[in-house]
Structure formats: C-alpha cells, structure tokens
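Peer 1: First the structure, which I've put down as structure tokens, then a few questions once you've had a look.
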Amino acid sequence: MELMLQTLINGLLIGGIFIMIAVGFSLAFGVMDIIDFAVGEWVMLGAFAAYWIQALLKIDPLLMLPAIFLLFGAIGYGFQPVLQKVINIKHRSAALMALAFTFGLSTFFRGSALTLWGFNNRNITTFLSEQNINVFGITLPALRCVATITAVAVTVAFMLFLNKTRTGMAIRAAAENKTVAGLMGIDGTQVSRLVYAMYAALTGMAGVFIGAIFSVNPDMGLRYTAFAFFVVVVGGMGSLSGAIVAGLLLGLLASFVSVYVGGSYIFLILFLFLFSMLIFLPKGVLGKGV
Amino acid sequence: MKKSVVMLLSLVIVTALVLAGCGGQSAEKRDYYKVGVITSLSGSEAYGGNVTRRGYELWSETVNKKGGIKVGEKSYQVKLIFADDQSDPNAGADAAQRMITSENVDFILGPYTSGVTMAVAPILEKYKIPMITGSAESPLIWRQKFKYTFGTIPAVDLTGSTPISTLAKDVQPAPKTIAILGVNDTFSKSVAEAFKAAAEKEGLQVVKYDIVPAGTDFTPLISAIKGMNPDILAVGGHEKEHMEIIKASKSLGLMPKVFLMHYGITTPDFIKNLGKDSDFVMGATVWTPSLVYKDDVFGSNKEYVEAARIRYGTMPDYTEAGCAVTGEIFAAALAKINAPPALTEEQREKLAKALEEVKLDNTLYGPIKFATEGAWYHNNTGLKALTIQLMKGEQVIVGPKDVKEKDPVYPVPAMSSR
Numbered sequence: 002m003e004l005m006l007q008t009l010i011n012g013l014l015i016g017g018i019f020i021m022i023a024v025g026f027s028l029a030f031g032v033m034d035i036i037d038f039a040v041g042e043w044v045m046l047g048a049f050a051a052y053w054i055q056a057l058l059k060i061d062p063l064l065m066l067p068a069i070f071l072l073f074g075a076i077g078y079g080f081q082p083v084l085q086k087v088i089n090i091k092h093r094s095a096a097l098m099a100l101a102f103t104f105g106l107s108t109f110f111r112g113s114a115l116t117l118w119g120f121n122n123r124n125i126t127t128f129l130s131e132q133n134i135n136v137f138g139i140t141l142p143a144l145r146c147v148a149t150i151t152a153v154a155v156t157v158a159f160m161l162f163l164n165k166t167r168t169g170m171a172i173r174a175a176a177e178n179k180t181v182a183g184l185m186g187i188d189g190t191q192v193s194r195l196v197y198a199m200y201a202a203l204t205g206m207a208g209v210f211i212g213a214i215f216s217v218n219p220d221m222g223l224r225y226t227a228f229a230f231f232v233v234v235v236g237g238m239g240s241l242s243g244a245i246v247a248g249l250l251l252g253l254l255a256s257f258v259s260v261y262v263g264g265s266y267i268f269l270i271l272f273l274f275l276f277s278m279l280i281f282l283p284k285g286v287l288g289k290g291v
Numbered sequence: 276m277k278k279s280v281v282m283l284l285s286l287v288i289v290t291a292l293v294l295a296g297c298g299g300q301s302a303e304k305r306d307y308y309k310v311g312v313i314t315s316l317s318g319s320e321a322y323g324g325n326v327t328r329r330g331y332e333l334w335s336e337t338v339n340k341k342g343g344i345k346v347g348e349k350s351y352q353v354k355l356i357f358a359d360d361q362s363d364p365n366a367g368a369d370a371a372q373r374m375i376t377s378e379n380v381d382f383i384l385g386p387y388t389s390g391v392t393m394a395v396a397p398i399l400e401k402y403k404i405p406m407i408t409g410s411a412e413s414p415l416i417w418r419q420k421f422k423y424t425f426g427t428i429p430a431v432d433l434t435g436s437t438p439i440s441t442l443a444k445d446v447q448p449a450p451k452t453i454a455i456l457g458v459n460d461t462f463s464k465s466v467a468e469a470f471k472a473a474a475e476k477e478g479l480q481v482v483k484y485d486i487v488p489a490g491t492d493f494t495p496l497i498s499a500i501k502g503m504n505p506d507i508l509a510v511g512g513h514e515k516e517h518m519e520i521i522k523a524s525k526s527l528g529l530m531p532k533v534f535l536m537h538y539g540i541t542t543p544d545f546i547k548n549l550g551k552d553s554d555f556v557m558g559a560t561v562w563t564p565s566l567v568y569k570d571d572v573f574g575s576n577k578e579y580v581e582a583a584r585i586r587y588g589t590m591p592d593y594t595e596a597g598c599a600v601t602g603e604i605f606a607a608a609l610a611k612i613n614a615p616p617a618l619t620e621e622q623r624e625k626l627a628k629a630l631e632e633v634k635l636d637n638t639l640y641g642p643i644k645f646a647t648e649g650a651w652y653h654n655n656t657g658l659k660a661l662t663i664q665l666m667k668g669e670q671v672i673v674g675p676k677d678v679k680e681k682d683p684v685y686p687v688p689a690m691s692s693r
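Chains as they are written, first to last, in our numbering: chain A, 2 to 291; chain B, 276 to 693.
See the structure below:
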C-alpha cells in the first residue's frame, strides 16, 4: 500500500514538471500555429543557465528562478519575430517550413551547447537537493515537491492571467481566430510575441528544475521534446487544461510502469497509450483539442 | 561537330580521368601512418568518447615525439583521423564506412561503446582493416569471432564477478540481498547480466533485476527498491546514470550498505559532480594509476599517468589507459610484419594475423595477449580483475585479497553523515 502511494506521489511530482513544459508548448501552438521542435532545447538552455549562474556567481539557482524566468522571457520575445518571418513566408507549405526551421534550431542549439560548453555532465546542487519530507511513511524529495508546487502556482497564475485580464482575453481571442481578433483591434504580432516569450520563460524555468533533479548536458533536451509532443497530443492540441491532465498522466504512467511492470516497458506502454489516444480520442483526453 | 561525336568524346575523356584516379589508390606513397579513430565525439556518450580520444591522442603525440613507429630501419609518424559515431551504432557504421573509403586508413583505433563496436565490426571485415578498441567491454563482441576486431579490456563477464566475490567473501557481515539495475544498451546490459550471474553463484538473493531504457527517471525504481532494503545496489550503466541514481537515492533516503557501479565511477566527472557522495562506491577495473608496469612508449605506467595528468588536467582511468596502449600493440605488430605506410589490403590481412601473435609483457596496461580461440576471441583476457572502492576521490584496490591496498569499507557511512 505504501509503495503504491509512493509511486502515485512520485508520478504526480514528475508530472508537475512536464506540465510546466506542456502548458507553454500548447499555448504556443494554439496562438502561433507552430509546433516548436526546439522545446527540449529550451529546457537544456534553462538547465545550463542555472548551472552557469551557480558556477560563476555561486548563487543557488532556485533563488534566481524569477531572474531566469524574465531572462528567457526576454530571449523568447526577441526571438519570436525571426520565427514569425518563417511562418509568414508566402508558400504553400509555410507550416512545414516553420517545422523544419525549429528542427534545425534544435540541432543548432544542441551543437552549439556541445561546442561551447563541452561534453561533461554537469551537476546543479541547491539547498533543497538533499532534503526530503516524510509524510505518513512516504518519502518526498523536497526538490520535486517545490518543482510541482511552482508548476501548479505558475499554471494557476497563467490561467488567471488568461481569463481575468484584458491581455489574457486578447491572447485567447487570437488563439481562437487570428483574423477576426485582428478585426477587433487585437495586435496579433504583439500577442504572438508575448505568448512565445511566456513559453520560453516557462520552459526555461522547467529546465532549471530538471537540471537540479537529474543532470545537465547538451544532449538532455531530446527526451523533453518527445514528452512535450506526448503531452500535447494526449491533452489535445492547444488545450491548456488538457495539457495539465496529460502531464500528470504521463508522470503517473511512467511511475507505475516503472515500478509494477518493469523499466523496459515504459516507452512501449507510453506510446501504445499515445496511439490509442490518436485513434479513439483524437481531440485529446478532455476532448478540447483542435 | 555533330552532337553525338561530342558526347562520345566527353565520355571517353571522363572514363580516362576516372580510371586514372582509381588507379592511383593502390600505388599511394606516404611516409606516415594514417590511423582512423571512431568514437563518440557527440551525443549521449560524448563524455566517454572523449575519454578514449585522450588516450589515443596522448599515445600519438608521445610516439611522434619519439620519432614515430619504428618499422625496420625507419620510423614513421602517425596521424589520427577522427570519425564521430554520434553515440549511435547506425551513425557509427556510416562514419566508419565514409572514413575507410575516403581516407584509406591503415588501421583503426576503436569506439567507446560496445554498441558502435558491434556495428562497425562487419564493415571492418568487409574492407579488411584491423581495429583495436581500448574501451568496449561487452562479451557479445568477442562471441561473434570477428577477424579484424580486437580489444584491450577483458569483457565484463570476466571482470564483473570480482567485486561480487569481494563482497560475498571478504566483508563482515556478509551481504545477503542485492538489487540490480541495468541501462538497455549493449554494454550496460552485459554488466547487469554479469552481476546477476555472479550474485546467484555466490548465493546472494537478487531482490530486483531491471533493465531500463536510457534516460529513465530512476526515482520510482529507487522508491520501489527502498522498500526491499537490499544490502547491495548494483548498477550497469555509464557515469550519467550512476550520478542520477546516487542523486535519486540521496533525495529519497535510500542508503544500501554499498553501491556497486560500472562503468564510470573511475571517470573524473563522477567524482567531481558528486563530491563526498561519490565516496565508498565500489567498482571493477583491470588497471589503476597506482599499478607498477614498465612501458616502451611512456617509460612506465607512472610516467604515463603523470603525462596524462599534465596534458589534460585529470587522472586517466582504465578506459583512457586501455586506449593509450592500443597504439603500442599495433606498433609491435607492424614491426613484426615489416609493413611501412601505406598498407595494402594484403598487408592489412597480415597485420590482423600478426596482432593474434603479439605478446607484450611490458606495457602501461600490463600484459597484452589476444585470445585466439574460445568465447573471448580477440579479447585481451590475461588481465586480472580488481575490486576498487572510491576513497576521498581516489581509486583504492580493495580486492581480491592477495592484491588489496586497503580493506573494503562495508557497510559504508550514510551520505547524509559525511
């Protein structure tokens, strides 16, 4: 019984981190109609940013989370026009070209990271790394708890922002129908930039946690690109609430399969689940996808 | 002129040029050996690939400083040509093929991973290019009996039983239970299998045996293992997975009486990244920097270690050293068959046979003799396996009993108390 509870909690905790990545990714798709193949690399860059902050400034990266959030937000905001240029190309397959562009970006980031920072595996330690909390005989790693709480807090803040502010409403309008939103006076360009900035900020922040929990190396991003796709497909493309449910589902599935079936079956079961979703529930688990 | 005449003429000219170009290949004259190196310079195993690169590079620089490989009366310099397998067997096979066909290398120094070694071996058989890998340890390689592939490190099914033996026989109270994890790649899986076989032979109870895909999140597994409370947690993987398992164990409060891990605890990154948490982890090796051997290229093992430390800023581990010695073996075989560069296919065939006959007693790695029959065909099986334990960042030999430098520490102190 205790093991089951522990497995459940482990699954939810790691799911929390996936949510952070998925929410931004889903929104970017919803507003910009772009599937960003480089999502895993933003995670990697976030992890490296945290590593360098710790190595050079000797500050605990968790304390610098707001700074990293803003930094990546700024980078995303500045970078989005480049992406937009590719999407706006007057070509039959503009969407495909944008896809290829982000794929190339992913390779570029990975190669640059390897060239600039080398092949060594890095470690990030925070004041939370060694702590764990014991509740009813279940051991919870403190770092993961904080990561999940942050993910939940940020997601809730995001949802409030989207639903209760004018800018949020503008974003939702643009996500629904860009042309009509434009007719209503919403600046689609600004909205896209803002959304991409938030996506980069969220994903970079997730990278900090992932780097601290696991390890930091230039190759770490690929898995998270695959997971982002999983979450977005299972949750329904463009659906935020779906992304949350799917993120948790992914964490739980991985955790339970790991413990009760066997480590070698994780990917098999995950992708069988993915395929069934595509066949039976193509609009995502909550039915809200496009 | 008529169109058809022009076409015919250009066809004749092109054919003549192509034939002239092709003809030049076999008559190539060089005064240096072209040595191909296939290893992981990018991808998930880039760290280990660079361990091998350091070993091969230091050998080539040192031997060139001394004049080169001596064959007959003359000495010939060596030039390394690198190919990146990107940590993927398929990419490795492609890279090897491209390097062989475009560079006309004389011989090859081999990959970091067993997976790439197995993928590249059939290509070497096809082009008849001898290769020694200073790193790959999976027994599956040698069972295939490739004629052109050799390896300096004894396979893990020969060495993996030693730490289990040390734990079963030389420590008190003797451990009773063991949990074994292995990453699903050629090498790591072989390690896990070797640990399992050895554990069962020594009468230990294997409470968990799991082979997991690369990049798995270990936390749920560690949680499950914590509930079983094993005396030993044994892992087959590379330094990244070992690091993550130690971190996950610490964050979940799992502290077995000892961690047994292979391969990677002897690499500088493992110790640097984990600090005190890396202490008391046990592993297997066939070489440590403290062993005393004479060597023809470096002078002695001690001088090799010092040269590597000065050149790269880190202590070499048994894979780096295993790579550094590969060049010497080729040099001995080349001198034997008196084959100056560039090697023809016939000479490379002779080189492969000569490698089977080479018997070196004085190298930085100890005695070198490749087996010529049996399950470990072309593997350097003569080296004795050692159990090591990390103590304050140093590799200390704690077994077998007759060669230990210190007694093994068991049970090890909890990470939180260090």
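The beta carbon of each residue, even a glycine, is placed where N, CA and C say it ideally should be.
Quick caveat, the model's predicted, so the values are computed rather than measured.
Taking 8 angstroms as the cut-off, does the region 50 to 60 of chain A touch the region 173 to 187 of chain A (at least 3 CB pairs, one atom from each stretch)?
Peer 2: Judged by Cβ distances under 8 angstroms, the region 173 to 187 of chain A makes no contact with the region 50 to 60 of chain A, as fewer than three pairs qualify.
Peer 1: Are Gly409 (chain B) and Gly330 (chain B) closer than 8 angstroms when you measure CB to CB?
Peer 2: In this structure, Gly330 (chain B) lies closer than 8 angstroms to Gly409 (chain B) by Cβ.
Peer 1: Would you verify that the beta carbon of Glu131 (chain A) is, or is not, closer than 8 angstroms to some beta carbon of chain B?
Peer 2: Yes, its Cβ sits closer than 8 angstroms to a Cβ of chain B.
Peer 1: If you reduce the DSSP assignment to three classes, tell me which class Met33 (chain A) lands in.
Peer 2: Correct three-state label for Met33 (chain A): helix.
Peer 1: Would you mind listing the alpha helix (DSSP H) stretches within the region 62 to 117 of chain A that are 4+ residues and don't spill past its ends, in chain order?
Peer 2: Counting only runs of 4 or more, we get 66 to 88.
Peer 1: For Val431 (chain B) and Glu412 (chain B), which I take to be in contact (beta-carbon distance under 8 angstroms), what is that distance rounded to the nearest angstrom?
Peer 2: With 8 angstroms as the limit, Val431 (chain B) and Glu412 (chain B) qualify as a contact, their Cβ atoms being about 5 angstroms apart.
Peer 1: In whole angstroms, what separates the C-alpha of Asn504 (chain B) from that of Met5 (chain A)?
Peer 2: When rounded, the distance between both Cα atoms is 16 angstroms.
Peer 1: Would you be able to state if there are at least three C-beta pairs under 8 angstroms between the region 458 to 477 of chain B and the region 221 to 238 of chain A?
Peer 2: Contact fails: fewer than three Cβ-Cβ distances are below 8 angstroms.
Peer 1: Against chain A, does Ile486 (chain B) count as a neighbour if the rule is that its beta carbon must be under 8 angstroms from one of theirs?
Peer 2: So, interface residue.
Peer 1: Answer with buried or exposed for Gly105 (chain A), where buried requires no fewer than 16 other C-beta atoms within 10 angstroms of its C-beta.
Peer 2: Per the 10 Å Cβ criterion, exposed.
Peer 1: Any chance the region 306 to 319 of chain B sits against the region 574 to 589 of chain B, with 3 or more Cβ pairs inside 8 angstroms?
Peer 2: Touching, no.
Peer 1: Quick check: the Cα distance between Phe645 (chain B) and Gly426 (chain B), rounded to an integer number of angstroms?
Peer 2: Each residue's Cα considered, the two are about 8 angstroms apart.
Peer 1: Does Ser413 (chain B) have its Cβ less than 8 angstroms from a Cβ in chain A?
Peer 2: False, the Cβ-Cβ gap to chain A never drops below 8 angstroms.
Peer 1: Of all Cβ atoms in chain B, is any one closer than 8 angstroms to the Cβ of Val147 (chain A)?
Peer 2: Not one chain B Cβ lies under 8 angstroms of Val147 (chain A).
Peer 1: Hey, would you say Tyr579 (chain B) sits closer than 8 angstroms to Asn637 (chain B), going by beta carbons?
Peer 2: No, the Cβ-Cβ distance between Tyr579 (chain B) and Asn637 (chain B) is not below 8 angstroms.
Peer 1: Which residues in the same chain as Val155 (chain A) place their Cβ atom closer than 7 angstroms to its Cβ, once the five residues preceding and following it in sequence are excluded?
Peer 2: The answer, listed in chain order, is Met21, Leu203.
Peer 1: Cα separation between Gly243 (chain A) and Phe231 (chain A)?
Peer 2: For Gly243 (chain A) and Phe231 (chain A), the distance between alpha carbons rounds to 12 angstroms.
Peer 1: DSSP has Ala123 (chain A) in a bridge; who is on the other side?
Peer 2: First, the amino acid is wrong: residue 123 (chain A) is Arg here, not Ala. Paired residues: A:Val217.
Peer 1: Compare the C-beta of Val260 (chain A) with all C-beta atoms of chain B and state if any pair is closer than 8 angstroms.
Peer 2: Yes, contact with chain B.
Peer 1: Tell me, please, whether the CB atom of Gln55 (chain A) is closer than 8 angstroms to any CB atom in chain B?
Peer 2: No, its Cβ sits nowhere closer than 8 angstroms to a Cβ of chain B.
Peer 1: Going by Cα to Cα distance, which pick from A:Leu129, A:Phe274, A:Leu223, A:Ala201 is closest to Ile76 (chain A)?
Peer 2: Per the Cα distances, A:Ala201.
Peer 1: Can a CB atom of chain A be found closer than 8 angstroms to the CB of Gly342 (chain B)?
Peer 2: No - not a single Cβ of chain A is within 8 angstroms of the one on Gly342 (chain B).
Peer 1: Quick check on Gly299 (chain B) - is its C-beta less than 8 angstroms from some C-beta in chain A?
Peer 2: Per-residue confidence for Gly299 (chain B) stands at a pLDDT of 41, beneath the threshold of 50, marking its modelled position as unreliable; no derived number is given.
Peer 1: Put Gly511 (chain B) into one of helix, strand or coil per three-state DSSP.
Peer 2: Three-state result, Gly511 (chain B): strand.
Peer 1: Within the 8 angstroms Cβ cut-off, does Ser216 (chain A) reach chain B?
Peer 2: Output row for Ser216 (chain A): interface = yes.
Peer 1: Taking 8 angstroms as the cut-off, decide whether the C-beta atoms of Thr434 (chain B) and Ala559 (chain B) are in contact.
Peer 2: It is a contact, given that the beta carbons lie within the stated cut-off.
Peer 1: Considering only their Cβ atoms, is the gap separating Phe573 (chain B) from Thr337 (chain B) smaller than 8 angstroms?
Peer 2: Yes; because the gap between Cβ atoms is below 8 angstroms, this pair is in contact.
Peer 1: Fully enclosed by the region 450 to 517 of chain B, which alpha helix (DSSP H) runs are 4 residues long or longer?
Peer 2: Entirely contained in the region 450 to 517 of chain B, the alpha helix (DSSP H) runs reaching 4 residues are, in chain order, 461 to 476, 494 to 503.
Peer 1: Sort A:Phe19, A:Phe73, A:Gly79, A:Leu251 by Cα distance to Gly205 (chain A) and report the nearest one.
Peer 2: Residue A:Phe73 is the option with its Cα nearest to Gly205 (chain A).
Peer 1: Between the beta-carbon of Lys309 (chain B) and the beta-carbon of Asp363 (chain B), is there less than 8 angstroms?
Peer 2: Against a cut-off of 8 angstroms, the Cβ pair of Asp363 (chain B) and Lys309 (chain B) comes out as no contact.
Peer 1: Can you tell me which of the three DSSP states Ile407 (chain B) falls into?
Peer 2: Looking at Ile407 (chain B) - three-state DSSP - the assignment turns out to be strand.
Peer 1: If you draw a straight line from the C-alpha of Val306 (chain A) to the C-alpha of Gln447 (chain B), how long is it?
Peer 2: Since the first residue shown for chain A is 2 and the last is 291, residue 306 (chain A) is missing from the structure and cannot be characterised.
Peer 1: For Met536 (chain B), list the residues DSSP reports as bridge partners.
Peer 2: For Met536 (chain B), which the question treats as bridged, DSSP gives the partners B:Val510.
Peer 1: What residues match up with Gly558 (chain B) in a beta bridge as DSSP calls it?
Peer 2: According to DSSP, which records beta bridges pairwise, Gly558 (chain B) is partnered with B:Ile663.
Peer 1: With Gly222 (chain A) and Gly41 (chain A) assumed to form a contact (beta carbons below 8 angstroms), what rounded beta-carbon distance in angstroms separates them?
Peer 2: Contact flag correct, Cβ pair sits at about 3 angstroms.
Peer 1: When we look at the beta-carbon of Ile150 (chain A) and count the other beta-carbons within 10 Å, is it buried (16 or more) or exposed?
Peer 2: Exposed.
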